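As structure tokens, the structure follows; a few thoughts come after it.
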Amino acid sequence: MVLESFRLDGKVAVVTGGARTLGRDMAEALAEAGSHLVITSRDLARAESTAAEIARNFGVEVLPLPLDVRDHGQVAEMAARAAAWKGRLDILINNAGGGSGRGPCALFERLPEDVIGLIGTNLIGTLFCCQEVGRVMAQQGYGKIVNIASMAGLVGRDRRMYERSGLNQQPVDYAAAKAGVIGVTRDLAAVLAPYGVYVNSISPGGFERGQPEAFVNAYSDRTPLGRMGRDGVDIKAAALFLASSASDYVTGHNLVVDGGFSIWQ
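For the numbering used here, count along the sequence shown from 1 and bump the result up by 9.
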């Protein structure tokens, strides 16, 4: 039954950076489908608050854990604790990351430590989580890994829409990190396929979150569907598809969820 293939009853999913925005949306989608959750955040109190709300709203069990994905020791400890909780790990959504980091973002003003920190969170942290959670999945002979990339890893962007609306632009190192996530996804899918582990990615476009009206209008005008993404709506079904058995003949794929932004330049 097609609809049944989207159910996740009894599964256990790890969502890194799952306490807010896209991470929380994806965690809620998996919970609605019946999955128990491990939610991580560098801010444990935020993870605990989100975990309590999701458990109450969807009737699943949720374990909040602290995690800085740049620290391999913390990643290994998280994977061990998460696996011990229910005795298995079925799904990993690598969502922890960020668009600009701290400090100036323009190319010639970008600080080396900010470049290293952003790539560490978005790319190296993703690889660490794939390694340690993927190890558990390979041992049990099944798993679904969904890496969150970005359309920034696919196309160059017109920075003038940022400048004209007074927004801090996303730095070039963000594009580098997210392109790396797409590359990791493809090669890791080949490495882990013999173990029964699927690896795919999602590349979201820009989501509307209170940006200046001038930016929202300019971005929407450059998007075939005529709008930015909507929190609480536009990422959920994509994540559920790749996390569930509905995608059991899909691996190494990058699912672009950007309203067509990356095809119309």
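Glycine is no exception: its CB is placed at the ideal position from the N, C-alpha and C atoms.
All values reported here derive from a predicted model rather than from experimental measurement.
Check	Outcome
In DSSP terms, what Leu-46 is bridged to	Ala-22 and Val-71
CB-CB length for Tyr-207 against Lys-245, believed under 8 Å	Not quite, the Cβ-Cβ distance comes to about 19 Å (not below 8 Å), so this is no contact.
Cβ shell of Ala-61 (< 6 Å), same chain only, five flanking positions each side left out	none
Contacts around Arg-97, its chain only, beta-carbon distance under 7 Å, and the 5 residues preceding and following it disregarded	Val-21 and Gln-149
Start and end residues, alpha helix (DSSP H) containing Ile-191	181 to 201
Three-state class that DSSP yields for Pro-121 in the structure shown	helix
Runs of alpha helix (DSSP H) lying entirely within the stretch 76 to 122, each at least 4 residues, in chain order	81 to 95
Same chain, Cβ closer than 8 Å to Glu-57, neighbours up to 5 away in sequence not counted	Pro-73
Proximal residues to Leu-251 (C-beta, below 6 Å), its chain only, five neighbours per side dropped	Val-155 and Asn-209
When Glu-86, Gly-32 and Ser-44 are compared against Val-142, the one with the closest alpha-carbon	Glu-86
Burial state of Ala-199 (16 or more Cβ within 10 Å)	exposed
Backbone secondary structure at Gly-134 - three-state DSSP	helix
N- and C-terminal bounds of the alpha helix (DSSP H) containing Leu-264	Looking at the DSSP string, Leu-264 is not in any alpha helix (DSSP H); the run it does join, the beta strand (DSSP E), is 263 to 266.
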